[in-house]
Amino acid sequence: MNISRKDFFKKSLLSLGEAVCSVSNALKASGDSTPDVADVADFVATPGENRVAVAQNDHCLAKNSGCFACVERCESQAIRLIPGVGVRINALLCTGCGTCEYVCPVTPKAIRMQSRINSQSMSAHPAEIPPEKGDTTC
Numbered sequence: 169m170n171i172s173r174k175d176f177f178k179k180s181l182l183s184l185g186e187a188v189c190s191v192s193n194a195l196k197a198s199g200d201s202t203p204d205v206a207d208v209a210d211f212v213a214t215p216g217e218n219r220v221a222v223a224q225n226d227h228c229l230a231k232n233s234g235c236f237a238c239v240e241r242c243e244s245q246a247i248r249l250i251p252g253v254g255v256r257i258n259a260l261l262c263t264g265c266g267t268c269e270y271v272c273p274v275t276p277k278a279i280r281m282q283s284r285i286n287s288q289s290m291s292a293h294p295a296e297i298p299p300e301k302g303d304t305t306c
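One rule links them: number in the working numbering = place in the sequence shown (from 1) + 168.
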């Protein structure tokens with residue numbers, strides 16, 4: 169079957185448009201105006217005085233790429249990015265709300281919430297990066 173390049177792209181765009189319309193019509197028919205997608209807006213951050221975020225940098229995407237999900241969502245600005253290492257969490261600034269754990273895209277999570285008492289005994293820092301007062305990491 170011979171088809172010109174112009175016809176190929178024309179038919180491709182038409183079929184793509186038809187697919188978009190059929191998905192749109194299916195959503196309208198189901199009664200939902202928007203798809204049900206888990207979003208940060210659905211998560212209710214509840215600060216917990218006895219909880220603190222702890223970084224698991226061996227799972228962290230920010231160590232080698234441009235993932236800033238937790239850094240951007242932390243309202244208390246307790247999380248900072250260290251290129252090549254991952255994230256560092258300042259336990260003194262952390263409110264324990266859990267937003268960072270919720271938005272972390274990796275499984276297992278690169279940030280997890282734990283008791284403030286346990287995080288004090290688990291904190292360890294790489295020698296080449298001096299920790300700031302209150303920083304925690306695993």
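Just so you know, even glycine gets a beta-carbon here, dropped at the ideal spot from N, CA and C. This one's a predicted model, so the numbers in the text were calculated from it and none came from an experiment.
What do you reckon, are the CB atoms on residue i and residue j nearer than 9 Å?
| i | j | result |
| --- | --- | --- |
| GLY254 | LYS231 | yes |
| GLY266 | ARG219 | yes |
| CYS272 | ILE257 | no |
| VAL188 | LEU229 | no |
| SER233 | CYS262 | no |
How many angstroms separate the CA atom of residue i from the CA atom of residue j?
| i | j | result |
| --- | --- | --- |
| LEU249 | CYS235 | 10 Å |
| SER283 | GLY264 | 9 Å |
| LEU260 | ALA246 | 8 Å |
| SER180 | ALA221 | 48 Å |
| ARG173 | LEU182 | 14 Å |
| ASN225 | CYS242 | 17 Å |
| VAL205 | VAL191 | Confidence is the limiting factor: at VAL205 the pLDDT is only 44, short of 50, which leaves the residue's position unreliable and the question unanswerable from this model. |
| CYS238 | PRO251 | 15 Å |
| HIS227 | LEU195 | 36 Å |
At what residues does the alpha helix (DSSP H) containing residue i begin and finish?
| i | result |
| --- | --- |
| CYS271 | It should be noted that the sequence gives Val, not Cys, for residue 271. 267 to 271 is the span of the alpha helix (DSSP H), which, as asked, contains VAL271. |
| VAL239 | 237 to 241 |
Give the range of the beta strand (DSSP E) segment to which residue i is assigned.
| i | result |
| --- | --- |
| GLY254 | 254 to 258 |
| VAL274 | It is not in any beta strand (DSSP E) - VAL274 carries neither H nor E in the DSSP assignment. |
| SER283 | 279 to 283 |
| ILE250 | 247 to 250 |
| ALA230 | That residue, ALA230, is in no beta strand (DSSP E); it is neither H nor E in DSSP. |
State the CB to CB distance for the pair residue i and residue j, rounded to an integer number of angstroms; the pair is presumed to be in contact (CB under 8 Å).
| i | j | result |
| --- | --- | --- |
| ALA223 | ILE171 | With a Cβ gap of about 54 Å, ALA223 and ILE171 do not count as contacting. |
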